[in-house]
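In the working numbering, the protein residues as written are 2 to 168.
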């Protein structure tokens with residue numbers, strides 16, 4: 002079993018419920034592999050951020066399958082990990098025995114096509130809104146976001162991974 006975490010950029014076992022599921026599966030005799038996808042958690046960061054692609058993540062997962070010498074995998078994908086699992090099975094259907102999707106993306110309300118999502122801020126409490134503003138209203142973050150479209154390497158220099166992880 003390979004567990005694919007959310008994000009991208011999240012940690013593989015950042016949520017206690019995930020740890021409980023993995024522990025139960027291990028206790029039931031499954032070999033469970035939980036890894037931080039490249040650029041997330043404790044994994045290495047890429048120097049060129051344009052290399053963070055879905056194709057890269059699919060190739061990494063296939064390399065893990067080969068490293069494990071597994072003919073087929075059981076995939077558990079949470080959030081972004083579920084989307085990655087779907088992309089992997091689309092390219093390698095014969096390599097997956099079973100798949101579990103947990104929260105693979107937005108579940109649209111019935112009236113979404115007419116009304117859209119609306120502004121998410123309208124659903125925040127006053128405290129949540131203050132917390133959001135404290136996170137996003139930072140000159141170094143705004144500068145990096147502006148640079149991202151024209152020069153990703155300059156954006157990374159303006160807001161290095163270590164600084165961005167603390168936001």
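Even glycine gets a Cβ: it sits at the ideal position worked out from N, Cα and C.
Inset, instruction - Output yes or no for whether 8 Å exceeds the beta carbon distance between residue 43 and residue 58. - result: Position 42 of the chain shown, counting from 1, holds the residue named residue 43. Position 57 of the chain shown, counting from 1, holds the residue named residue 58. Result no, Cβ atoms of residue 43 and residue 58 do not sit closer than 8 Å.
Legend entry - residue 131 burial status per 10 Å Cβ neighbour count (16 or more: buried): Here the question's residue 131 lines up with position 130 in the chain shown. The residue is exposed, with fewer than 16 neighbouring Cβ atoms inside 10 Å.
Inset, instruction - Look up residue 89 in the DSSP assignment and say whether it is helix, strand or coil. - result: Here residue 89 corresponds to residue number 88 of the chain shown, with the count starting at 1. The answer is helix: DSSP assigns residue 89 an H, G or I state.
Legend entry - Validate contact between the region 72 to 82 and the region 46 to 53 using beta carbons, cut 8 Å, 3 pairs: Result no; under three Cβ-Cβ pairs closer than 8 Å.
Inset, instruction - Would you mind working out which of 8, 4 and 9 sits nearest residue 21, comparing C-alpha positions? - result: Taking the first residue of the chain shown as 1, we reach residue 21 at position 20. Residue 4 is the option with its Cα nearest to residue 21.
Inset, instruction - Please work out which residues of its chain come closer than 7 Å, Cβ to Cβ, to residue 90, disregarding the five sequence neighbours upstream and downstream, and give them in chain order. - result: Reading the chain shown from its first residue, position 89 is the one you call residue 90. Answer for residue 90: 97 and 100, listed in chain order.
Legend entry - Assigned secondary structure, residue 151 (DSSP; H/G/I helix, E/B strand, else coil): Position 150 of the chain shown, counting from 1, holds the residue named residue 151. DSSP, reduced to helix, strand and coil, places residue 151 outside both helices and strands of the structure shown, so it counts as coil.
Legend entry - Neighbour-count burial assignment, residue 137, 16 or more Cβ in a 10 Å radius: Within the chain shown, the letter at position 136 stands for residue 137. So residue 137 ends up on the exposed side.
Inset, instruction - Give the DSSP-derived three-state secondary structure of residue 30 in the structure shown. - result: As a position in the chain shown, residue 30 is number 29, starting the count at 1. Look at residue 30 here: in three-state DSSP terms it is coil, with no helix or strand label.
Legend entry - DSSP beta-bridge partners of residue 99: Your numbering for residue 99 matches position 98 in the chain shown. Paired residues: 75.
Inset, instruction - Decide if residue 1 is buried, meaning its Cβ has at least 16 other Cβ atoms within 10 Å, or exposed. - result: This structure gives no information on residue 1, because the portion of the chain shown stretches from 2 to 168.
Inset, instruction - Helix, strand or coil for residue 39, going by three-state DSSP, please let me know. - result: What you label residue 39 is simply residue 38 of the chain shown in a count that begins at 1. Correct three-state label for residue 39: coil.
Legend entry - Where residue 69 sits in the DSSP three-state scheme: Position 68 of the chain shown, counted from the start, is the residue given in the question as residue 69. Helix, per DSSP.
Legend entry - Under the three-state DSSP convention, the category residue 133 falls into: Position 132 of the chain shown, counting from 1, holds the residue named residue 133. The answer is helix: DSSP assigns residue 133 an H, G or I state.
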